[in-house]
Each structure stands twice: as C-alpha cells, then as structure tokens.
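One structure below.
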Amino acid sequence: MIGELFIIFIGVVLVNNFVLVRFLGLCPYIGVSKDLKSAVGMGIAVIFVMTMASAVTWLIYYYFLAPGPHNVWFALFGDGVDPSAFDFTYLRTITFILIIAALVQLVEMVIIKTSPALYHALGIYLPLITTNCAVLGVAVLNIDIFFKGGEAVSWSLLKSLTQGFGAGVGFTLALILMASIRERLELADIPPALKGAPIAFLVGALMSMAFLGFTGLI
Amino acid sequence: MIIQEFTKGIFKRNPVFVLLLGLCPTLAVSTSVENAIGMGAAATFVLVFSNILVSLIKNIIPKKIRIPCFIVVIATFVTMVELFLEAYLPDLNESLGLYVPLIVVNCIILGRAEAFASRNPVMLSLADGLGMGVGFSLALLLLGSIREILGSNALFGYELIPGFRPAMIMILPPGAFLTIGFLLGLFALIRSRRVEREEKMMNAEIALPEGAKE
Chain A
10 MIGELFIIFI GVVLVNNFVL VRFLGLCPYI GVSKDLKSAV GMGIAVIFVM
60 TMASAVTWLI YYYFLAPGPH NVWFALFGDG VDPSAFDFTY LRTITFILII
110 AALVQLVEMV IIKTSPALYH ALGIYLPLIT TNCAVLGVAV LNIDIFFKGG
160 EAVSWSLLKS LTQGFGAGVG FTLALILMAS IRERLELADI PPALKGAPIA
210 FLVGALMSMA FLGFTGLI
Chain B
10 MIIQEFTKGI FKRNPVFVLL LGLCPTLAVS TSVENAIGMG AAATFVLVFS
60 NILVSLIKNI IPKKIRIPCF IVVIATFVTM VELFLEAYLP DLNESLGLYV
110 PLIVVNCIIL GRAEAFASRN PVMLSLADGL GMGVGFSLAL LLLGSIREIL
160 GSNALFGYEL IPGFRPAMIM ILPPGAFLTI GFLLGLFALI RSRRVEREEK
210 MMNAEIALPE GAKE
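Those sequence lines, one after another, are chains A and B.
With our numbering applied, the first sequence corresponds to residues 10 to 227, in that order.
With our numbering applied, the second sequence corresponds to residues 10 to 223, in that order.
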C-alpha cells in the first residue's frame with residue numbers, strides 16, 4: 010500500500026510532472042517565476058489548495074455524482090429505483106470548477122482570520138490559483154484514474170490525496186528551478202528578441218528534456 | 010466596426026502569440042494538426058456562445074458575483090462540447106483527453122467574457138469571440154503543423170518525405186516548449202524590425218524640412 014502511494018507520488022512529481030510534461034499551470038510558471046521568493050510562496054499555496062481540492066472533489070464526486078449505493082440522492086429518493094439511474098457524472102466539470110472557486114475563497118477567509126502572517130505571505134497568490142488549470146486538472150485526473158468504470162478503486166481517496174499533494178510538489182519543484190535559472194538569466198547576454206517569455210520557454214524546453222530522463226523510473 | 014472586432018483577435022491581439030493566454034492547451038494538444046483543429050474548434054464554439062450569452066445577460070447579473078456566473082456559463086458550454094465529443098468523435102475525445110474539461114479554465118474565454126462581452130452588445134461580442142477563437146485556432150494550427158512536420162514527418166497523418174527519419178523530440182513535451190519559444194522570438198524580432206523602420210521613416214520626415222531650409 011505504502012509502496013503504491015510512493016509510486017504515485019514519484020510518478021506525478023518526476024515522471025509526469027504537471028508543468029513540464031502535462032503543460033498544466035503554465036501561466037504562473039511563466040508569470041510568477043521571476044524571483045525565487047514569490048515562486049516559493051506560490052508553490053506552497055498551490056500545494057495546499059491542490060491537496061484540499063483533491064480531497065473535496067473526490068468526496069463530492071463519490072457521494073453526489075457517481076451512481077451507486079453510496080450516492081446521497083439515491084439514499085434519499087431512490088426507493089425501488091435502480092442505482093444506475095442516479096448518474097450525475099456529466100455535471101463533473103461544472104461542479105468541480107465551482108467547488109475549487111469556493112474552496113479558494115474559503116481558504117483565503119480562514120487564513121485571514123487565523124494567521125495574518127501566513128496571509129501576508131500567500132495572500133496575493135490565492136486568487137490566482139482559481140484559474141490555475143493545474144488544480145482543475147488534478148481533480149479531473151483523479152477521477153479519470155482512480156474511478157475505474159464508475160466505481161472507486163481500493164484506497165481511492167488516499168491515492169487521490171497523494172496525487173494532489175504530489176502534483177503540487179511537482180509544480181513547486183518546476184517553479185523553483187525555473188525561478189533560480191531566471192534570476193541568473195537576468196545577467197546573461199541573450200539576443201534581444203529572445204528576452205522575456207521566449208527564453209523562458211526555451212529554458213522550459215531544456216528542463217522538460219531533462220525530466221524526460223525520468224521516464225521508465227516507474 | 011464588427012469586422013474590426015473580428016480581425017483584431019487574429020493578428021494584432023492574437024491571444025496566444027501576443028497576449029500569451031491559453032498556453033496550456035496550446036502546447037499540450039499541438040502534437041498533430043488534427044488535434045489542433047479539434048481543440049481550436051471546441052474552444053471557438055465555447056468562446057462564441059459564452060460571449061453571446063454573457064452579453065445577453067450582462068444587465069441581469071449582479072456585479073459582485075459576475076465571475077462565478079461567467080464560469081457557470083462557460084462550464085455549461087464546455088459540458089456540451091464534452092458530451093458531443095464523447096458521442097460523435099470518440100477518437101478525438103481520446104486524444105484530447107484531459108484538456109477538453111480544462112477549456113473551462115482557459116484564460117482566453119473568461120478574459121473575453123469579463124473584458125469584452127460584459128460591456129458590449131451581442132453582435133460585437135459575437136464578432137470578438139469568433140475572432141479570438143479563430144486567432145487561437147490559427148496559433149494552434151501553426152504550432153501543430155510545425156510539430157507534426159518535424160516530429161513525425163507527416164501532415165494530417167500522411168507521410169511527407171518517404172524514408173526521412175523525423176526528430177521525435179518535436180512531438181514530445183520539450184518540442185512544444187522549443188517551438189513556442191522560437192516562434193515568440195521570431196515575432197519579437199519582426200516587431201522590433203518594424204519599429205526600427207518606422208523610427209527611421211519618422212527621422213527622415215523630420216530631417217527633410219531642416220534640409221529644405223538650407
């Protein structure tokens with residue numbers, strides 16, 4: 010079990026890195042990677058939101074959308090009806106994006122109340138995360154991978170959590186590496202036409218090539 | 010006026026190459042021309058109809074909750090696209106995979122709803138959505154054809170030069186970063202050349218009257 014979770018974690022951090030292999034969360038990757046300090050802040054905020062979002066979207070999907078005896082609507086109104094009639098999986102996209110938007114707002118409010126210092130550090134990054142496609146990406150991916158044929162695989166929730174946490178760590182790793190390289194690029198002599206975004210993408214290409222080396226690790 | 014709103018999205022304010030929006034799907038699905046066209050069409054559909062609907066209901070939506078409302082509108086059309094692809098084009102659905110539901114968080118679509126459709130009448134919003142969609146599709150098409158030609162020596166799946174061994178790296182993830190990096194560099198170069206030429210012409214115009222005085 011632990012081994013399985015470890016493989017999921019390594020897989021999503023190194024082999025299928027969200028930024029460099031799956032191209033999710035590219036906007037902050039290019040936008041917030043100009044200095045190391047904000048990269049770390051953004052990274053921690055993303056890890057936090059992704060882990061939370063993985064758990065919450067999984068629970069909502071399992072209890073409210075997926076058909077089966079565990080469906081809450083079936084338990085309430087399903088007397089004498091076939092459980093497969095309560096299949097709301099087509100509402101997945103619309104539900105998940107609303108949950109994530111609400112979750113980010115909630116996290117922001119809780120952090121303001123409980124820890125002003127933490128809010129000071131993460132605050133400006135939190136609203137950016139709602140439109141970060143990596144968060145919705147990991148929620149959809151969890152459902153795609155850990156629900157085989159509409160039924161949850163064993164330890165499905167824990168696996169989703171691991172994948173969400175790992176995806177956040179992978180994003181942070183890529184972001185911090187990129188920020189460190191870009192701080193050096195400021196001083197480098199690069200052709201004027203490639204300054205800014207183009208060179209960032211070319212660096213991304215080299216990093217992505219390096220991460221290809223992890224293919225076959227698992 | 011309407012034509013102007015349409016064409017600005019294609020060249021002057023191209024969402025991908027000028028505004029750097031919607032990069033995730035652009036890089037992810039541009040492994041072949043076929044995928045690029047599929048994603049372009051899906052995103053254009055969502056853009057046009059969400060722009061129309063947002064423009065129609067812009068006066069009913071309370072200001073404070075407008076963003077969640079826009080997201081629901083967009084997600085509705087994305088769900089329609091998802092179901093359509095699942096039913097009629099399962100192969101395309103398979104190869105676009107995760108990126109179909111992710112059209113919801115494509116910053117181009119929410120950006121146009123907020124910046125344009127919520128402030129302009131229906132016909133203009135339609136033109137704007139269509140223009141941005143076509144601009145996005147053309148960018149995808151350009152990237153997709155470059156990567157497919159170099160990476161699998163083919164276009165629309167047909168082999169181009171028999172016996173030529175293509176560079177596999179171009180259809181792998183690094184190829185996407187390489188292609189967009191060099192394309193953006195190329196566009197920046199063209200733009201700076203044009204600015205230089207215009208400055209030279211301005212200087213010549215200023216210099217002329219002074220020379221005439223002598």
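Glycine residues also receive a C-beta, built at the ideal position from the N, C-alpha and C atoms.
Backbone secondary structure at residue i - three-state DSSP
i: B:Glu91; result: helix
i: A:Ala7; result: With chain A covering only 10 through 227, there is no way to say anything about residue 7 of chain A.
i: B:Leu164; result: strand
i: B:Ala176; result: coil
i: B:Leu28; result: coil
i: B:Ala226; result: The displayed coordinates of chain B run from 10 to 223. Any statement about residue 226 of chain B would go beyond what the structure contains.
i: A:Met216; result: helix
i: A:Asp88; result: coil
i: A:Thr224; result: coil
i: B:Phe86; result: helix
i: A:Gly34; result: coil
i: B:Gly18; result: coil
i: A:Phe105; result: helix
i: B:Leu159; result: helix
i: B:Lys67; result: coil
i: A:Val28; result: coil
i: A:Gly77; result: coil
i: B:Met211; result: helix
i: B:Asn23; result: coil
i: A:Ile16; result: helix
i: A:Met10; result: coil
i: B:Leu181; result: coil
i: A:Phe97; result: coil
i: A:Ala209; result: helix
i: B:Ile170; result: coil
i: B:Met10; result: coil
Distance CB(residue i)-CB(residue j) smaller than 8 Å
i: A:Met59; j: A:Gly173; result: yes
i: A:Lys43; j: A:Arg193; result: no
i: A:Leu112; j: A:Val178; result: no
i: B:Ala52; j: B:Asn115; result: yes
i: B:Pro24; j: B:Gly144; result: yes
i: A:Asn26; j: A:Phe220; result: yes
i: B:Gly194; j: A:Ala202; result: yes
i: B:Ala122; j: B:Ser59; result: yes
i: B:Val204; j: B:Gly142; result: no
i: A:Val24; j: A:Leu226; result: yes
i: A:Phe209; j: A:Ile39; result: One point to set straight first is that residue 209 of chain A is Ala, not Phe, in the sequence displayed. Contact flag set, yes.
i: A:Gly52; j: A:Thr181; result: yes
i: A:Ile6; j: A:Thr104; result: Residue 6 of chain A lies beyond the range of chain A shown here (10 to 227); nothing can be said about it.
i: B:Ala45; j: B:Leu164; result: no
i: B:Leu30; j: A:Ala206; result: no
i: B:Gly140; j: B:Gly18; result: yes
i: B:Ile83; j: B:Leu119; result: yes
i: A:Phe32; j: B:Ala176; result: no
i: B:Val42; j: B:Ser134; result: no
i: A:Leu135; j: A:Ile109; result: no
i: A:Ile138; j: A:Tyr128; result: no
i: A:Gly175; j: A:Phe73; result: no
i: B:Arg156; j: B:Ser39; result: yes
i: A:Ser217; j: A:Val30; result: yes
i: B:Gly49; j: A:Leu211; result: no
i: A:Ile185; j: A:Val22; result: no
i: A:Leu45; j: B:Leu32; result: no
i: B:Ile76; j: A:Ile106; result: no
i: B:Phe15; j: B:Ala148; result: no
Closest by C-alpha distance to residue i, when choosing among the options
i: A:Leu170; options: A:Ala62, A:Ala202 and A:Leu203; result: A:Ala62
i: B:Phe86; options: A:Asp88, A:Ala94, A:Arg101 and A:Phe86; result: A:Arg101
i: B:Pro182; options: A:Val28, A:Ile16 and A:Gly12; result: A:Val28
i: B:Pro34; options: A:Phe156, A:Pro125 and A:Ala143; result: A:Ala143
i: B:Ile180; options: B:Ala148, B:Val81, B:Tyr167 and B:Leu159; result: B:Leu159
i: A:Phe156; options: A:Tyr71, A:Leu115 and A:Gly12; result: A:Tyr71
i: B:Phe196; options: B:Phe15, B:Lys21 and B:Pro99; result: B:Lys21
i: B:Ser146; options: B:Ser161, B:Gln13, B:Phe26 and B:Ile11; result: B:Phe26
i: B:Leu152; options: B:Ile12, B:Gly184, B:Tyr97 and B:Thr16; result: B:Gly184
- prompt: Which whole runs of the alpha helix (DSSP H) in the stretch 113-177 of chain A are 4 residues long or more, in chain order?
  reply: The qualifying runs are 125-131, 135-139 and 142-155.
query: Which parts of the stretch 41-73 of chain A are runs of the alpha helix (DSSP H), unbroken and 4 residues or longer, counting only runs that do not cross its ends?
result: The stretch 41-73 of chain A is shown to contain whole alpha helix (DSSP H) runs of 4 or more residues at 45-69, in chain order.
query: With contact counted as at least three CB pairs below 8 Å, one residue from each stretch, are the stretch 154-168 of chain A and the stretch 125-133 of chain B in contact?
result: The stretch 154-168 of chain A, when compared against the stretch 125-133 of chain B, does not touch it at the 8 Å Cβ threshold.
message: Quick check: the stretch 137-157 of chain A against the stretch 106-120 of chain B, are at least 3 beta-carbon pairs closer than 8 Å?
response: Yes, since at least three Cβ pairs between the stretch 106-120 of chain B and the stretch 137-157 of chain A fall closer than 8 Å, the two stretches touch.
message: Please give me, in chain order, every unbroken run of the beta strand (DSSP E) with length at least 3 that falls completely inside the stretch 72-141 of chain B.
response: Within the stretch 72-141 of chain B, no run of beta strand (DSSP E) reaches 3 residues while sitting entirely inside it.
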